[in-house]
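Student:
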Amino acid sequence: MKNKSVSKVLQSFVCGAVMLAGMLAMPVYAKSAVVNVVENTDGTDNGVRLLLSALKDVPFYRISEIGLIGTQDVVLIKINSLWAERGGTNTDLLKAVIEYIIRHPAGFEGEIIVADNGQGMFGSEGKGGRLDWASPNSSDRKQSAQMVVDYFAAQGYRVSGVSWDKLTRRKTAEFLSGDMADGFVVEPGVKPTGIQISYPKFSTSYGTHVSFKQGIWDAESKSYNKQKLKLINIPVLKSHTQYQVAGAVSAYMGVPSNALTDMSPNKSVGAGGLGTLMANTRFPDLTILDMIYICPVRGPPSSYSNAVQKNMIAASTDPFALDVWAVKNVLIPAAELLDSKRAKQMDPRSIEQGSFGYWLTRSAEEVQRGGFQAAIDENEISVNKIQ
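In terms of the numbering used here, the sequence shown opens at residue 2 and continues consecutively.
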């Protein structure tokens, strides 16, 4: 009897060890997410400082190996630049984020890049995006994203703007192959969600070689530093004619090249293609959702006249949680006040094909499969309202 008891204990121990090993081999991502929110801010005040100094999911500044942005990092700020007026990222918000980065308490000696790909098509002029719109989304309606870049560059900071629209029809290879040209890397084959993976690869005016997927290229060592490149995604919250919502996840439409991949990014959204892209290139280190002005009815081409002022910003390391919270608590209520018939299709819980909830779920599954966090269940999302 005693030997049998020992045997059972040993069997139990072995089974537990096997289960633990299996769990360790699986992709690991958090099952909860934090959405940090600041209200009553228009980007020109201290709202960004309040938001970024009180993040609950991650310290913004990296000090002693803990935190997001280090003193030597290259920070890629991906904005919305396809549309003028309220359709693009608020430039007061952009300016405040850059200001916060360069005020790193340990001294920021890195580089900041502002970029987006409007695909060289669509947009306010039907020619793609611009960083220098004459009618930008700002409090004074004069300050373009390029003007923000130039403001910091003139003070000696390594800040530049790159319009990927100019590169989106130019196919190139990675730096590792010896190809130093700016353009888009296109990976062979089409993923099950229907997207062919592509991403920008370019050099800045300061001589920094950047691969969106691989990181910062060092020509001397002939190697990439993936961790040195940090990605901050700053999209605008809007409705969308075809996909119901444009927000944190849909902003990844500004990463690939439609022209070089037979429009596969656009065609694959409903099947979760943007999640595939996110998991196979670079997951954002932080997403800051611009809700200073939103467009709950007319979609991405949000003009000064049809935008709704909400004076809110929110941030999370989980763009899916950010979308779920913002759509339910900000976008849908605003759409309902305007009697929008699209409000039902915006519901992140919807399982109806063609709805926001349907494609967001498919995208989240792709991201989770890649080992990243993507919380779409409201029970797994906590809210940190910062005063």
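The beta-carbon is built from N, C-alpha and C at its ideal position, and this holds for glycine as well.
Small disclaimer: the values here were computed from a predicted structure and weren't measured.
#1: Relative to the alpha-carbon of Ala116, which residue among Gly124, Phe123, Gln147 and Asp93 has its alpha-carbon at the smallest distance?
#2: Pick from Ala55, Pro301 and Lys96: whose alpha carbon is nearest that of Gly124?
#3: Please list, in chain order, all residues of the same chain as Asn226 whose beta carbon is under 7 Å from its beta carbon, the five residues on each side excluded.
#4: Drop a sphere of 10 angstroms on the beta-carbon of Gln243, count the other beta-carbons inside from all chains shown, and report buried for 16 or more, exposed for fewer.
#5: Quick one, are the C-beta atoms of Val256 and Tyr294 less than 8 Å apart?
#6: In the region 33–111, which residue ranges form an unbroken beta strand (DSSP E) of at least 3 residues, counting only runs that do not cross its ends?
#7: DSSP on Leu287, reduced to helix/strand/coil?
#8: If you draw a straight line from the C-alpha of Leu230 to the C-alpha of Leu77, how long is it?
#9: Grab the span of the beta strand (DSSP E) containing Met313 for me, first residue to last.
#10: Below 8 Å, how does it come out for the region 62–77 and the region 32–46: are there three or more Cβ pairs, yes or no?
#11: Using the C-alpha atoms, what's the distance from Leu287 back to Val36?
#12: Going along the chain, which residues of its own chain have a beta-carbon closer than 7 Å to the beta-carbon of Ala26, five neighbours each way excluded?
#13: Following the continuous beta strand (DSSP E) through Asp389, name the residue where it begins and the one where it ends.
#14: At what residues does the beta strand (DSSP E) containing Tyr200 begin and finish?
#15: Give the straight-line distance between the Cα atoms of Gln120 and Gly130, rounded to the nearest whole angstrom.
Tutor: Put simply:
#1: Nearest option by C-alpha distance: Gln147.
#2: Measuring C-alpha to C-alpha distances from Gly124 to each of Ala55, Pro301 and Lys96 identifies Pro301 as the nearest.
#3: If we look at Asn226 and ignore the five residues flanking it on each side, its Cβ neighbours are Gly216, Ile217 and Asp219.
#4: So Gln243 counts as exposed.
#5: Val256 places its beta carbon 8 Å or farther from that of Tyr294.
#6: With a minimum length of 3 residues, the continuous beta strand (DSSP E) runs that stay inside the region 33–111 are 34–40 and 75–80.
#7: Secondary structure of Leu287 (DSSP, three-state): strand.
#8: About 7 Å.
#9: It spans Val309 to Ser317 - the beta strand (DSSP E) in which Met313 sits, taken as one unbroken run.
#10: Between the region 62–77 and the region 32–46, the count of C-beta pairs closer than 8 Å stays below three; the two stretches do not touch.
#11: Approximately 11 Å between the Cα atoms of the pair.
#12: Bear in mind that a pLDDT of 33 at Ala26, under 50, signals an unreliable position, so the number given afterwards is only what the model happens to contain. Apart from the 5 residues on each side of it in sequence, Ala26 has no Cβ closer than 7 Å to any other Cβ in its chain.
#13: The structure shown does not extend to residue 389, since the chain is modelled only from 2 to 388, so the question has no answer here.
#14: Run containing Tyr200: Ser199 to Ser204, per the beta strand (DSSP E) assignment.
#15: Per the coordinates, the alpha-carbon of Gln120 lies some 7 Å from the alpha-carbon of Gly130.
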